[in-house]
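Working notes, beginning with the structure itself.
There are 2 protein chains.
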Amino acid sequence: MEPGTARIAVDLLGGDDAPAVVVDGALRAMRADPDLHLLLVGPAEAADEVIGALDPAQRARVTVRPVRSAVGMADHPVAARADSTVRSAVTAVRDGIADAAVSAGATGATVTAAALALGRWPHVRRPALVATLPALAGPVVLLDVGGSLEPGPATLARHALLGAAYAAVAHAVAEPRVGLLSVGTEAGKGDRLRRAADHALAAVPLPCGARYVGFVEGYDLASGTRADVVVTDGFTGNVLLKAIEGAYAMAGGPPASGGAPRAAALLGVAGTVVVCHGAARGEDVASGIALAAHLWRRGATDTVAALLGGAPEAGLSSGDHAERTTDTGVSL
Amino acid sequence: MEPGTARIAVDLLGGDDAPAVVVDGALRAMRADPDLHLLLVGPAEAADEVIGALDPAQRARVTVRPVRSAVGMADHPVAARADSTVRSAVTAVRDGIADAAVSAGATGATVTAAALALGRWPHVRRPALVATLPALAGPVVLLDVGGSLEPGPATLARHALLGAAYAAVAHAVAEPRVGLLSVGTEAGKGDRLRRAADHALAAVPLPCGARYVGFVEGYDLASGTRADVVVTDGFTGNVLLKAIEGAYAMAGGPPASGGAPRAAALLGVAGTVVVCHGAARGEDVASGIALAAHLWRRGATDTVAALLGGAPEAGLSSGDHAERTTDTGVSL
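Sequences listed follow chains A and B, in order. Residues 11 to 342 in this note's numbering are what the first sequence spells out, letter by letter. Residues 11 to 342 in this note's numbering are what the second sequence spells out, letter by letter.
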């Protein structure tokens, strides 16, 4: 764990089993990281549960940000109230009250709230959700896992840059190998999107000494032997991540290197935001908070944004005309 | 194993490591199934390897169909010669010399050869590759895994019928539950294709008492708790199957119920055809031969075709105008 204080805004009402699992996750995170400060966003009674379970020294590291509308909506479903808590959490980041925000609420609502409050990076049409699989050969960065369900080739090329920078900055991968997920490794494999994106990725200069290695396959996600960064559309990435999680559960548990991640970084907005699995358990929320603190301490979001801002636009001039910008409905 | 002779045409040159792995697979299959007869299609020297390793009684169950062009192309790459062997194998099925054909060659070449030699079923625009995952709760039929990379909603609805009939006939699943793979389970989740297909699947009457259960997620593939049949496009299905295989390999082996299948049935052509993984090992080829024999003994192909032929066309009248029929390049 890197040194340095990290102040994380936590959405108490995000997630299928909120606020109980968020309370549990916040407690786990507080106990694991002595430099962690939490801004608990939501109903005071849930925040009180966290505070009541901490010892006095730890309590000094917790601040509460009651959300008026969430309190006033006590008879509304948690999901409806969570929209206002996630907005409040990302607003705290915008206002410099917190360094990063974490939510296990609906991904679409979090992406929208973050883009509105923090603004998007230049040249990023849709923020990407980036998950890291702890493969045996090292971390494998998979993107997108649900931010953009129907990207065009230019967005996939942009995500290749983004993933390469993220692998180098967040995970210290030297000269990341970037692959494009398809149904075979030879050139020409795949659907129209993949064939077009193959050309776009081959043409785009990548940061951090990264290089494009061409098509990779489903096997390569869990092994990490052929690529450090795997680029795909958000539909395929989301379904894949859950299939791998399901396979590990069926096989009696994840490999020693670690299981499928249940938290993903939201990249493309001007601030550090982590999205947890909607069905997150306490340990998943805690891992999301730890990821947010890690990214903040590394200055990952700003560094990745700077690397992208300086990257040439070659090969990306043509827009994705067929691309939809109104994708909705994903749940991580 | 069901009783009854099954005569299987085996493409000796299909697969990355052909003919060695096919020879190995043929021997394993012959030893495991006393009612199996093989028609070995390809170079005589490879067939002789199989015959030489069998005892005299077993040899009576093997016939050789030398492929002239394959022999004459001895200095060509195996992949180029395999095109003529797979054509010869499916032609043997058409001519009644074999009951089913098995190849581990390029999926596209096998699908094309089978469609040309055997003809397609009415109302089936693109044949589907159907894989069965041995989940804990029972078999999960996944389609398509590479036959049609860019289907439209009508093809997905047609594949729902096909998968339901296949689950009932090939795996004796009573009243199969059919799910559509997406990024969340609530209505409205997913990309345009999934949202349109959700309506199409809800409207189409399914055979064998099957019912549409709506969206399912990646987890449901390995568990089988929510659906017996999972419908998706061939790109996603292919990538998923390989990701699950990779996850099992990483987790130290598949679950007790069984691993990811490395053979798939080709449905939509008028004959029994099984496609093995391009990187098939001997046991994978053997499992493909066993699957072909199982399908033949159950009369699965004809029964599924009859169930589809009699199924109403409600909800399928609008064609998939955006759909491509020239998908290429998949490798199973």
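The beta carbon of each residue, even a glycine, is placed where N, CA and C say it ideally should be.
Three-state secondary structure assigned by DSSP to residue i
i: ASP337 (chain A); result: Any reading at ASP337 (chain A) must be qualified, since the residue scores a pLDDT of 42, below 50, and its modelled position is unreliable; no value is offered.
i: ASP58 (chain B); result: helix
i: LEU22 (chain A); result: coil
i: GLY319 (chain A); result: helix
i: LEU203 (chain A); result: helix
i: VAL96 (chain A); result: helix
i: PRO163 (chain A); result: helix
i: GLY228 (chain B); result: coil
i: THR73 (chain A); result: strand
i: ALA63 (chain A); result: helix
i: LEU146 (chain B); result: coil
i: ALA28 (chain A); result: coil
i: GLY157 (chain B); result: coil
i: GLY234 (chain A); result: coil
i: GLY35 (chain B); result: helix
Buried or exposed (CB count within 10 angstroms, at least 16 for buried), residue i
i: THR282 (chain A); result: buried
i: HIS287 (chain B); result: buried
i: THR15 (chain B); result: exposed
i: ASP294 (chain A); result: buried
i: ASP58 (chain A); result: exposed
i: ARG221 (chain B); result: exposed
i: ARG69 (chain A); result: exposed
i: ASP93 (chain A); result: buried
i: GLY129 (chain A); result: exposed
i: ASP243 (chain B); result: buried
i: GLU55 (chain B); result: exposed
i: PRO217 (chain B); result: buried
i: GLY35 (chain B); result: buried
i: PRO66 (chain B); result: exposed
i: ASP208 (chain A); result: buried
i: PRO161 (chain A); result: buried
i: ALA310 (chain B); result: buried
i: GLY62 (chain A); result: exposed
i: GLY256 (chain A); result: buried
i: ALA302 (chain B); result: buried
i: GLU185 (chain A); result: exposed
Rounded separation between residue i and residue j - CA only
i: ALA116 (chain B); j: VAL188 (chain B); result: 29 Å
i: ALA102 (chain A); j: VAL121 (chain A); result: 15 Å
i: ARG308 (chain A); j: ASP43 (chain A); result: 16 Å
i: GLY198 (chain A); j: VAL239 (chain A); result: 20 Å
i: LEU49 (chain A); j: GLY298 (chain A); result: 14 Å
i: PRO76 (chain A); j: VAL51 (chain A); result: 6 Å
i: LEU126 (chain A); j: TRP306 (chain B); result: 59 Å
i: ALA210 (chain B); j: ARG202 (chain B); result: 12 Å
i: ASN248 (chain B); j: LEU143 (chain B); result: 13 Å
i: ALA296 (chain A); j: ALA19 (chain A); result: 13 Å
i: ALA261 (chain B); j: ALA164 (chain B); result: 37 Å
i: GLU2 (chain A); j: ALA111 (chain B); result: A question about residue 2 (chain A) goes unanswered here, because the residues of chain A that appear run from 11 up to 342.
i: ALA145 (chain A); j: SER233 (chain A); result: 5 Å
i: LEU343 (chain B); j: PRO149 (chain B); result: This structure does not reach residue 343 (chain B), given that chain B is present from 11 up to 342, and the question cannot be answered.
i: ASP21 (chain B); j: PRO132 (chain A); result: 54 Å
i: TYR258 (chain A); j: ALA270 (chain A); result: 8 Å
i: ALA321 (chain A); j: HIS304 (chain A); result: Unreliable positioning characterises ALA321 (chain A) in this predicted model, as indicated by a pLDDT of 45, which lies under 50. A coordinate reading is not provided.
i: ARG168 (chain A); j: PRO29 (chain A); result: 36 Å
i: ALA99 (chain A); j: LEU152 (chain A); result: 26 Å
i: ALA174 (chain A); j: THR235 (chain A); result: 16 Å
i: ASP26 (chain A); j: GLY292 (chain A); result: 12 Å
i: VAL241 (chain B); j: ARG71 (chain A); result: 49 Å
What residues in the stretch 103-130 of chain B bring their beta carbon closer than 7 Å to a beta carbon of chain A? none
What are the complete alpha helix (DSSP H) segments, minimum 4 residues, inside the stretch 236-314 of chain B? Listed in chain order, they are 244-260, 292-308.
What are the residues in the stretch 198-213 of chain B lying within 9 Å of chain A by C-beta distance? For the stretch 198-213 of chain B, which is checked against every Cβ of chain A, the residues closer than 9 Å are GLY198, LYS199, GLY200, ASP201, ARG202, LEU203, ARG204, ARG205.
Can you list the alpha helix (DSSP H) stretches of 4 or more residues lying completely in the stretch 105-144 of chain B, in chain order? 117-128
Jot down the residue ranges of each uninterrupted alpha helix (DSSP H) in the stretch 172-221 of chain B, minimum 4 residues, whole runs only, in chain order. 202-213
Could you list the residues in the stretch 138-159 of chain B with a C-beta less than 8 Å from some C-beta on chain A, going in chain order? ALA145, LEU146, GLY156, LEU159
Which residues, taken in chain order from the stretch 252-267 of chain B, show a beta carbon closer than 8 Å to some beta carbon of chain A? Contact residues of the stretch 252-267 of chain B toward chain A are LYS252, ALA253, ILE254, GLU255, GLY256, ALA257, TYR258, ALA259, MET260, ALA261, GLY262, GLY263, PRO264, PRO265, SER267 (C-beta to C-beta distance below 8 Å).
Contact list for the stretch 210-234 of chain A against chain B, Cβ threshold 8 Å: Of all residues in the stretch 210-234 of chain A, only GLU227, GLY228, TYR229, ASP230, LEU231, ALA232, SER233 place a beta-carbon less than 8 Å from a beta-carbon of chain B.
Using a Cβ cut-off of 7 Å, which residues of the stretch 48-75 of chain B contact any Cβ in chain A, in chain order? none
What are the residues of the stretch 237-248 of chain A that lie near chain B, defined by any Cβ-Cβ distance shorter than 7 Å? PHE245, THR246, ASN248
Check each residue of the stretch 159-173 of chain B: if its Cβ is closer than 7 Å to any Cβ of chain A, include it; give the result in chain order. LEU159, GLU160
If you measure beta-carbon to beta-carbon, which residues of the stretch 171-195 of chain A are closer than 9 Å to chain B? LEU191, SER192, VAL193, GLY194, THR195
Can you list, in chain order, the residues of the stretch 266-291 of chain A whose Cβ is nearer than 7 Å to any Cβ on chain B? none
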